[in-house]
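Beneath this line is the structure, given in structure tokens, with notes to follow.
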Amino acid sequence: FWVALNSQQSSYLCVHQPCSPLVSNQCVDEPCVVLLPQGNPYMCNNECDASTPELAHPPELMFDFEGRHPSTFWQSATWKEYPKPLQVNITLSWSKTIELTDNIVITFESGRPDQMILEKSLDYGRTWQPYQYYATDCLDAFHMDPKSVKDLSQHTVLEIICTEEYSTGYTTNSKIIHFEIKDRFAFFAGPRLRNMASLYGQLDTTKKLRDFFTVTDLRIRLLRPAVGEIFVDELHLARYFYAISDIKVRGRCKCNLHATVCVYDNSKLSCECEHNTTGPDCGKCKKNYQGRPWSPGSYLPIPKGTANTYCECFGHSNRCSYIDLLNTVICVSCKHNTRGQHCELCRLGFFRNASAQLDDENVCIECYCNPLGSIHDRCNGSGFCECKTGTTGPKCDECLPGNSWHYGCQPNVCDNELLHCQNGGTCHNNARCLCPAAYTGILCEKPRCQEAGGCASGAGQRAPPRGCPALLLLGKKMCIYPFVFK
Ligand SMILES: *[C@@H]1O[C@H](CO)[C@@H](O)[C@H](O)[C@H]1NC(C)=O
Ligand SMILES: *[C@@H]1O[C@H](CO)[C@@H](O)[C@H](O)[C@H]1NC(C)=O
Ligand SMILES: *[C@@H]1O[C@H](CO)[C@@H](O)[C@H](O)[C@H]1NC(C)=O
Ligand SMILES: *[C@@H]1O[C@H](CO)[C@@H](O)[C@H](O)[C@H]1NC(C)=O
Numbered sequence: 001f002w003v004a005l006n007s008q009q010s011s012y013l014c015v016h017q018p019c020s021p022l023v024s025n026q027c028v029d030e031p032c033v034v035l036l037p038q039g040n041p042y043m044c045n046n047e048c049d050a051s052t053p054e055l056a057h058p059p060e061l062m063f064d065f066e067g068r069h070p071s072t073f074w075q076s077a078t079w080k081e082y083p084k085p086l087q088v089n090i091t092l093s094w095s096k097t098i099e100l101t102d103n104i105v106i107t108f109e110s111g112r113p114d115q116m117i118l119e120k121s122l123d124y125g126r127t128w129q130p131y132q133y134y135a136t137d138c139l140d141a142f143h144m145d146p147k148s149v150k151d152l153s154q155h156t157v158l159e160i161i162c163t164e165e166y167s168t169g170y171t172t173n174s175k176i177i178h179f180e181i182k183d184r185f186a187f188f189a190g191p192r193l194r195n196m197a198s199l200y201g202q203l204d205t206t207k208k209l210r211d212f213f214t215v216t217d218l219r220i221r222l223l224r225p226a227v228g229e230i231f232v233d234e235l236h237l238a239r240y241f242y243a244i245s246d247i248k249v250r251g252r253c254k255c256n257l258h259a260t261v262c263v264y265d266n267s268k269l270s271c272e273c274e275h276n277t278t279g280p281d282c283g284k285c286k287k288n289y290q291g292r293p294w295s296p297g298s299y300l301p302i303p304k305g306t307a308n309t310y311c312e313c314f315g316h317s318n319r320c321s322y323i324d325l326l327n328t329v330i331c332v333s334c335k336h337n338t339r340g341q342h343c344e345l346c347r348l349g350f351f352r353n354a355s356a357q358l359d360d361e362n363v364c365i366e367c368y369c370n371p372l373g374s375i376h377d378r379c380n381g382s383g384f385c386e387c388k389t390g391t392t393g394p395k396c397d398e399c400l401p402g403n404s405w406h407y408g409c410q411p412n413v414c415d416n417e418l419l420h421c422q423n424g425g426t427c428h429n430n431a432r433c434l435c436p437a438a439y440t441g442i443l444c445e446k447p448r449c450q451e452a453g454g455c456a457s458g459a460g461q462r463a464p465p466r467g468c469p470a471l472l473l474l475g476k477k478m479c480i481y482p483f484v485f486k
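In UniProt numbering, the protein residues as written are 1 to 486.
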């Protein structure tokens, strides 16, 4: 990647030799005089000149091999122009989307700055967002309450905070500033990052979370150097500057999990896309491979993830979720009346449209089982419902012979075949015989009042006695007029 350095002064007038009474082994070669007792303990002489190679501290020294003694570092100009702010932007550009996998670590050779903003871009430097604010006094510098990553949680992990943890000036011997990726991962994967599957499950399903850890560029905005005391010592402004020996950014190319290799070629990073995908991040389907919509691969199952060809939701869902217990990925909230791990089945009450592809919105057809004729509202794979006794037809809306529809299929009481109404009765809706006045019984087979005792045999020929119902009710006898007029 390349580094752009913007600062107000173009030449580097800086000290050559780091000298630290706190980190004593860094000051072995040359005698070192601490000029100012309360000054920057890391620096004690100012033999530094950008135009002299041996005395220059160019930005490349932030990215060279570490472990040299004394260490090599970039150094800014000093704060000669105080009270004009001393500000420097350090921009790191990859020209490629990168997923951060570990803490960003910046090692200062000066005191850590009083005010600094780490910024990120996701669109190759067109727009920038703050990533984290750093200050000795967050409220004063940025009108923000100081927080540490440990104050966050799974739900607030995306919050942009201002931390005072790394800006203690000269009073501690720590030279390091972190942007804490791992502490943020730990909200999902546990304190020792043991449960990476849970983190990856979240990353798979939550774009905002994925994007949070993704950058194309980083910018370190150094806004105010370490001062160390309350007042800037205007007589010794050469004590105030920035110096950085190392910036570590660990990550991997974002290839949407469609590549296992990312190559550095022609000073450019690019994914070697597989699965018939293409684009700098394997973010689209190759020409002539657009039969299915593009989707990112899955981090799961760990360690290798999948191309997501199997966890295809056939366009019926755009969310997958990792189920820890089963170690598997499932589609969430299948639409278009589908269900199943990959939305590959039809919901109960629906059946598969044989002439539609699995990703067709019309793939599932409603069963429409007749609610009166069927046992339940489900049907088999060809749309046949399960019928009650006496009922038939794919939707259970027809009656078998000997049955007729009356709030569902009921066995016939009378018909024109075996169950004739007798004595001149007529069959009504196959449900009852309408009998002449003198007859009763299901098939009009009984002369009326036969059981009443008061009627002579052959009484069927006679008209029923007048007032019969009242009379017989008093005597607790039955007297039925089976005529029903509708
Ligand atoms: C750093 O970047 C910011 C945002 O683009 C800009 O406003 C500022 O002037 C830059 N500072 C320097 C010293 O170039
Ligand atoms: C990519 O396309 C080739 C050729 O059509 C096919 O054989 C292969 O299965 C595809 N790969 C994936 C992961 O879909
Ligand atoms: C079955 O799918 C085909 C193809 O998409 C569609 O034309 C047809 O209307 C669908 N049938 C039903 C009953 O929805
Ligand atoms: C559904 O049920 C019908 C009637 O029982 C049967 O003919 C058909 O083969 C069944 N279809 C399937 C896919 O089971």
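Ideal Cβ positions, reconstructed from N, Cα and C, are used throughout, including at glycine.
Can you give me the Cβ contacts of residue i inside the same chain, cut-off strictly under 7 Å, excluding the 5 residues immediately before and after it?
i: E165; result: S148
i: Q154; result: F187, F188
i: T278; result: K284, K286
i: T97; result: T214, T216, K254, D281
i: M196; result: A189, I302
i: Y368; result: K395
i: G305; result: L257, G297, S298, Y299
i: P293; result: G315
i: G373; result: C387, K388, T391, C396, D397, G408, C409
i: A259; result: C271, E272, C273, E274, C282
i: R184; result: V149, V157
i: H406; result: N429, A431
i: V332; result: S317, R319, C320, S321
In chain order, what residues of the same chain have a beta carbon less than 6 Å from the beta carbon of residue i, not counting five sequence neighbours either side?
i: Q341; result: I330
i: A463; result: With a pLDDT of 44 at A463, under the threshold of 50, the modelled position of this residue cannot be trusted; read the value that follows with caution. The answer is none, since no qualifying residue turns up.
i: L471; result: Because L471 carries a pLDDT of 33, less than 50, the predicted location of this residue cannot be relied on, and no value is offered for it.
i: C334; result: H316, S317, C343
i: N353; result: N362, V363, I365
i: P436; result: G424
i: A307; result: H275, G297
i: A243; result: F73, Q75, E109, S110
Let me know if residue i comes out buried or exposed under the rule of 16 or more other beta-carbons within 10 Å of its beta-carbon.
i: D217; result: buried
i: L199; result: buried
i: Q129; result: exposed
i: L118; result: buried
i: N103; result: buried
i: Y131; result: buried
i: V363; result: buried
i: Q290; result: exposed
i: N370; result: buried
i: A356; result: exposed
i: H420; result: exposed
i: D397; result: buried
i: H143; result: exposed
i: S110; result: buried
i: D114; result: buried
i: I80; result: The displayed chain sequence assigns Lys, not Ile, to residue 80. Result: exposed.
i: E180; result: buried
i: N403; result: buried
i: G67; result: exposed
i: S267; result: exposed
Measuring only from the beta carbon, is residue i closer than 7 Å to any heavy atom that is part of ligand 1?
i: V329; result: no
i: Q87; result: yes
i: R319; result: no
i: R221; result: yes
Under the criterion of a Cβ to heavy atom distance below 7 Å, does residue i qualify as lining ligand 4?
i: F384; result: yes
i: N380; result: yes
Is the CB of residue i under 8 Å away from at least one CB in chain D?
i: P301; result: Absence of chain D from the displayed structure is noted, only one protein chain being present.
Looking at residue i and ligand 3, is the gap between the Cβ and the nearest heavy atom below 7 Å?
i: D360; result: yes
i: A307; result: no
i: N353; result: yes
i: I365; result: yes
i: A431; result: no
i: A356; result: yes
For residue i, which residues from the same chain have a beta carbon less than 8 Å from its beta carbon, with the 5 sequence-adjacent residues on both sides left out?
i: K446; result: Y439, T440
Validate contact between the segment 341-357 and the segment 377-389 using beta carbons, cut 8 Å, 3 pairs: yes
The segment 74-93 touching the segment 202-212, judged by at least three CB pairs closer than 8 Å: no
Meets three-Cβ-pair contact criterion under 8 Å: the segment 406-417 and the segment 428-445: yes
The segment 226-236 in contact with the segment 245-265 per 3-pair CB rule at 8 Å: With the cut-off at 8 Å, the segment 226-236 and the segment 245-265 do not touch.
Inter-stretch contact (C-beta, 8 Å, three-pair minimum) for the segment 123-142 and the segment 70-81: no
Stretch pair the segment 212-226 + the segment 80-87: three plus CB contacts closer than 8 Å: yes
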